[in-house]
Amino acid sequence: MKMQNDVVPPSTPVPLQAQFVTITEEEAGQRIDNYLLRVCKGVPKSHVYRILRSGEVRVNKGRIDQMYRLVQGDIVRIPPVRIAEKADTTHVPAAEFKVIFEDAHLLVIDKPAGVAVHGGSGVSFGVIEQLRASRPDAKFLELVHRLDRDTSGLLLLAKKRSALTSLHEQMRDGHTDKRYLTMVAGDWKNARQHVKLPLHKYTTAEGERRVAVQAEGMPSHTVFTLLKKFKDFALLEAELKTGRTHQIRVHLSSSGFAIVGDDKYGDFALNRALLKADATRGALKRMFLHAHQITFTHPDSGKIMTLNAPLATECERFLLSLGKPLN
Numbered sequence: 001m002k003m004q005n006d007v008v009p010p011s012t013p014v015p016l017q018a019q020f021v022t023i024t025e026e027e028a029g030q031r032i033d034n035y036l037l038r039v040c041k042g043v044p045k046s047h048v049y050r051i052l053r054s055g056e057v058r059v060n061k062g063r064i065d066q067m068y069r070l071v072q073g074d075i076v077r078i079p080p081v082r083i084a085e086k087a088d089t090t091h092v093p094a095a096e097f098k099v100i101f102e103d104a105h106l107l108v109i110d111k112p113a114g115v116a117v118h119g120g121s122g123v124s125f126g127v128i129e130q131l132r133a134s135r136p137d138a139k140f141l142e143l144v145h146r147l148d149r150d151t152s153g154l155l156l157l158a159k160k161r162s163a164l165t166s167l168h169e170q171m172r173d174g175h176t177d178k179r180y181l182t183m184v185a186g187d188w189k190n191a192r193q194h195v196k197l198p199l200h201k202y203t204t205a206e207g208e209r210r211v212a213v214q215a216e217g218m219p220s221h222t223v224f225t226l227l228k229k230f231k232d233f234a235l236l237e238a239e240l241k242t243g244r245t246h247q248i249r250v251h252l253s254s255s256g257f258a259i260v261g262d263d264k265y266g267d268f269a270l271n272r273a274l275l276k277a278d279a280t281r282g283a284l285k286r287m288f289l290h291a292h293q294i295t296f297t298h299p300d301s302g303k304i305m306t307l308n309a310p311l312a313t314e315c316e317r318f319l320l321s322l323g324k325p326l327n
């Protein structure tokens, strides 16, 4: 039986064709290589750079190099490449989180502990995927920075490409101020203490990401201020001067002060005891690390903004269980 011309048998391979994409306002400003790495999901990084070097990628019919920054209205030719099927996101439950601030450029939420900021490393989805699922009409929504899964508090997201670029530049140039509240075990002495220990990232045999102090590691700097001192604990504010993975956790553990509830670098015997304790005796079932304040320049208005998130309930409860501070 003769098939209609517009029907393709399932067994017939569909030839790959070049795509021509017009760059929107939200996509403008990023480098062509970063843009391709984002849109060509499933294509090896080496292949993306190969098609750039060969001139197969064209912008406005002309050749460009990987450093080219896209402009609104640019027409990008993406050569035929086998792009992986778009991930099925129907299983991602839509979720909203407590909003600290929102406008046309930014969304700032208070992330709860125990929730990853994005999928990966054994986690099928995180905050960003859940927010996108709950806001299907959002044209652009990207994480500005990250928080550990077990850390609660302020998380910035950009609703425009220009906002993302601006905030990344501010963070890279040290023009943002991020403060955390943390509880450590031990006899903390100094009212204000600078910790400058180089940090090296590595992966364990089980594939888990870890960080260690190492001479050839990345320069890292945290300033700790003593807020409240108790018999066996101390409440500190941590001010990040650099933004390395697990920086606060490793700087404290390497200085002899484990963060209460830290399951990677902490005091595991203490953590077990706190898990078994009842609410009136200082139970804690999470890590006591909370991103409570951030200061930055608004990417559109230029206004200096300082945002705060109150200490998470379970951390506040543990703090109250310690009674009156010594200082």
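Just so it is clear: in the sequence shown, position 188 is 188 by the UniProt record's numbering, and no numbers are missing.
Note that beta-carbon positions come from the ideal geometry of N, C-alpha and C, so glycine has one too.
Just so you know, these numbers come straight off a predicted model, no measurement behind them.
For residue i, three-class secondary structure by DSSP
i: V260; result: coil
i: E85; result: Residue placement at E85 cannot be trusted, given a pLDDT of 48 that sits under 50; the coordinates are not used to answer.
i: L289; result: strand
i: K98; result: strand
The beta strand (DSSP E) enclosing residue i, as first and last residue numbers
i: S152; result: S152 to A158
i: residue 334; result: With the chain covering 1 to 327 only, the question about residue 334 has no answer from this structure.
i: R69; result: No beta strand (DSSP E) holds R69; DSSP gives it neither H nor E.
Whole-angstrom distance between residue j and residue i, CA atom to CA atom
i: T245; j: L107; result: 23 Å
i: A87; j: F257; result: Only weak support exists for where A87 lies, its pLDDT of 46 falling under 50; the value from the coordinates is given anyway. One C-alpha to the other measures close to 42 Å.
i: T89; j: G126; result: At T89, the pLDDT of 46 sits below 50, so the modelled position is not reliable and the matter cannot be decided from this model.
i: N327; j: F230; result: 8 Å
i: T176; j: L240; result: 9 Å
i: P15; j: P198; result: Interpretation of P15 is limited by its pLDDT of 48, a score under 50 that renders its predicted location unreliable; no figure is taken from the coordinates.
i: R172; j: V71; result: 23 Å
i: R210; j: C40; result: 29 Å
i: G62; j: V213; result: 48 Å
i: L235; j: K196; result: 20 Å
i: D232; j: H194; result: 22 Å
i: R161; j: D187; result: 46 Å
i: K324; j: K159; result: 43 Å
i: R272; j: G282; result: 12 Å
i: D110; j: K98; result: 5 Å
Segment limits, alpha helix (DSSP H) that includes residue i
i: T313; result: T313 to S321
i: R53; result: K45 to R53
i: I32; result: I32 to V39
i: L284; result: Run containing L284: none; DSSP gives neither H nor E here.
Anticipated Cβ contact below 8 Å, residue i with residue j, distance rounded
i: D262; j: M287; result: 5 Å
i: E129; j: L164; result: So it is not a contact: roughly 17 Å between Cβ atoms.
i: L307; j: L154; result: 6 Å
i: H290; j: L311; result: 6 Å
Heavy atom of the ligand COA within 7 Å of residue i beta-carbon
i: E26; result: Judged by which ligands are present, the structure shown has none, so any question about the ligand COA falls away.
Practice problem: Enumerate, from N- to C-terminal direction, the unbroken alpha helix (DSSP H) stretches of 4 or more residues contained entirely within the UniProt domain "Pseudouridine synthase RsuA/RluA-like" (105-254). | Solution: 127-134, 161-172 and 247-254
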